[in-house]
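The structure appears right after this line, and notes come after that.
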Amino acid sequence: MTAVAVDGLLKKYGDHEAVRGVDFAVEEGEIFALLGPNGAGKTTTMEILEGFRQRDGGSVRVLGRDPGDKADGRWLRGHIGLVLQDIAVEPYLSVRETIARNAGYYPAPRDTDEVIDLVGLREKEGAKVKDLSGGQKRRLDLALGVIGDPRLLFLDEPTTGFDPGARRGAWEVVRNLRDAGTTIMLTTHYMDEAQALADSVAVIAGGRIVASGTPDTLGGRDSALARIRFALPAGAAIGDLPIPVSDAEEGLVTAEAEEPTAVLHRLTSWALERGTPLERLTVEQPTLEDVYLGLTSSYAQQDASSPSIERGQDPAPAVRGRRGRRPGRSSR
Numbered sequence: 001m002t003a004v005a006v007d008g009l010l011k012k013y014g015d016h017e018a019v020r021g022v023d024f025a026v027e028e029g030e031i032f033a034l035l036g037p038n039g040a041g042k043t044t045t046m047e048i049l050e051g052f053r054q055r056d057g058g059s060v061r062v063l064g065r066d067p068g069d070k071a072d073g074r075w076l077r078g079h080i081g082l083v084l085q086d087i088a089v090e091p092y093l094s095v096r097e098t099i100a101r102n103a104g105y106y107p108a109p110r111d112t113d114e115v116i117d118l119v120g121l122r123e124k125e126g127a128k129v130k131d132l133s134g135g136q137k138r139r140l141d142l143a144l145g146v147i148g149d150p151r152l153l154f155l156d157e158p159t160t161g162f163d164p165g166a167r168r169g170a171w172e173v174v175r176n177l178r179d180a181g182t183t184i185m186l187t188t189h190y191m192d193e194a195q196a197l198a199d200s201v202a203v204i205a206g207g208r209i210v211a212s213g214t215p216d217t218l219g220g221r222d223s224a225l226a227r228i229r230f231a232l233p234a235g236a237a238i239g240d241l242p243i244p245v246s247d248a249e250e251g252l253v254t255a256e257a258e259e260p261t262a263v264l265h266r267l268t269s270w271a272l273e274r275g276t277p278l279e280r281l282t283v284e285q286p287t288l289e290d291v292y293l294g295l296t297s298s299y300a301q302q303d304a305s306s307p308s309i310e311r312g313q314d315p316a317p318a319v320r321g322r323r324g325r326r327p328g329r330s331s332r
């Protein structure tokens, strides 16, 4: 089953085309990552799906409904969860009070204690929101996003402000939600996060989808040349090496190989015959970040010169002030 279907999506701000015929689909029960630089159309696309902006063309279905339709939008508010970059909550309420109050917005919410444990805030359940650290506030944001037991959860930069340990804890929460049947659509600028979480990925640049697939296959990553890097041995020149390499950079030389096993055999045999260690030897495929940067680099100048439409900065008065507000609800 398809949870989100986008076909030919268009959105303009004056003469600027923020989204230019975007197509993608998110299957039920998967984690889908929409990646893209600032100004590429990612935020606009997400807010159309969430029901905060109206599209100018194309078709959008979220859980089988049109988020731009008033009746469908009301239905969707009870079946989706949002974790935005900046959520307004009352600073003098406790963690438990904040979560319990939001539970009242939904017809069949999750148990408050279950959600507190899920996001790792049990020790802070009595603390006031104003006294939480940045990472703890982000956990509270996640709790508010899942308290309604949504079928579809939108996560916008979910681990911003987390330390490395907290990030991995949050990843486990997200995976558990997916395994329990929640469909998740996330944005992130951390490529390791997309690699760790996403079942499917789409990259948007210049208002268009430029690549899609799994994190391992995006942009032909699975068939790209492997890179072999090592420090040039003392007393050896590049011409002495048994394999072709590029000039040394940061003290390392690099060889590229379609089949690295044979190339490594020649290199290590040469080193053993000379009694020369190969310091800092690594073999790797291009990372997801390498592929992402390659896909988006040609659009960087165009995006930099285009108006950047961020959340809460829409020139259309109808959606101003949406930060921290659930459509149709009072401020948290």
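Going left to right, the sequence shown walks through residues 1 to 332 as this note's numbering numbers them. Ideal Cβ positions, reconstructed from N, Cα and C, are used throughout, including at glycine.
- Here Pro-67 is actually not in contact with Gly-41; their C-beta atoms are around 17 Å apart, not less than 8 Å.
- Assignment of beta strand (DSSP E) within the region 190 to 225, counting only whole runs of 3 or more residues, yields 200 to 205, 208 to 213 in chain order.
- In this structure, Gln-85 and Glu-157 form a Cβ contact; the two beta carbons are roughly 5 Å apart against a cut-off of 8 Å.
- Burial is judged here by how many other beta carbons sit within 10 angstroms of a residue's own beta carbon; Tyr-292 has at least 16 and is buried.
- Check the Cα spacing between Ser-133 and each of Val-95, Gly-104, Asp-149, Arg-110: the tightest is with Val-95.
- Looking at the DSSP output, Thr-183 bridges to Leu-152.
- For the 8 Å CB-CB criterion, Val-210 and Val-203 form a contact.
- Rounded to whole angstroms, Thr-45 and Leu-264 show a C-alpha spacing of 45 Å.
- Taking each of Val-253, Lys-12, Glu-289, Leu-225 in turn and checking the Cα distance to Gln-195, the smallest one comes out for Glu-289.
- Assignment of Tyr-13 by DSSP, reduced to helix, strand and coil, places it in the strand class.
- For Val-146, the uninterrupted alpha helix (DSSP H) segment begins and ends at 134 to 146.
- Under DSSP, Ala-100 shares a beta bridge with no residue.
- DSSP places Val-6 in the strand class (E or B) of the three-state scheme.
- Arg-266: member of the alpha helix (DSSP H) spanning 260 to 274, first to last residue.
- Taken through DSSP and simplified to helix, strand or coil, Ser-246 comes out as coil.
- The C-beta distance from Ala-3 to Thr-183 rounds to 4 Å, short enough to fall under 8 Å.
- If the five residues before and after Thr-112 are omitted, its C-beta is found closer than 8 Å to the C-beta atoms of Arg-96, Ile-99, Ala-100, Ala-103, Ile-147, all from its own chain and listed in chain order.
- As the crow flies, the alpha-carbon of Arg-74 is around 14 Å from that of Ile-48.
- Counted as a single uninterrupted DSSP element, the alpha helix (DSSP H) harbouring Leu-49 occupies residues 42 to 50.
- Note on geometry: alpha-carbon atoms of Gly-78 and Tyr-106 lie some 6 Å from one another.
- In its chain, beyond the 5 residues on either side, Val-119, Gly-120, Leu-121 have a beta carbon closer than 7 Å to the beta carbon of Arg-139.
- CA-CA distance, Asp-131 to Arg-20, rounds to 43 Å.
- The residue among Gly-239, Pro-244, Leu-232 with its C-alpha nearest the C-alpha of Thr-276 is Leu-232.
- DSSP places Thr-282 in the uninterrupted beta strand (DSSP E) bounded by 282 to 284.
- In the same chain as Asp-216, and ignoring 5 residues on each side of it, the C-beta atoms closer than 6 Å to its own belong to Asp-222, in chain order.
- Ranked by Cα distance from Gly-251, the options Asp-240, Glu-279, Gly-29 are led by Glu-279.
- Taking 8 Å as the cut-off, the Cβ atoms of Ala-257 and Leu-225 count as close.
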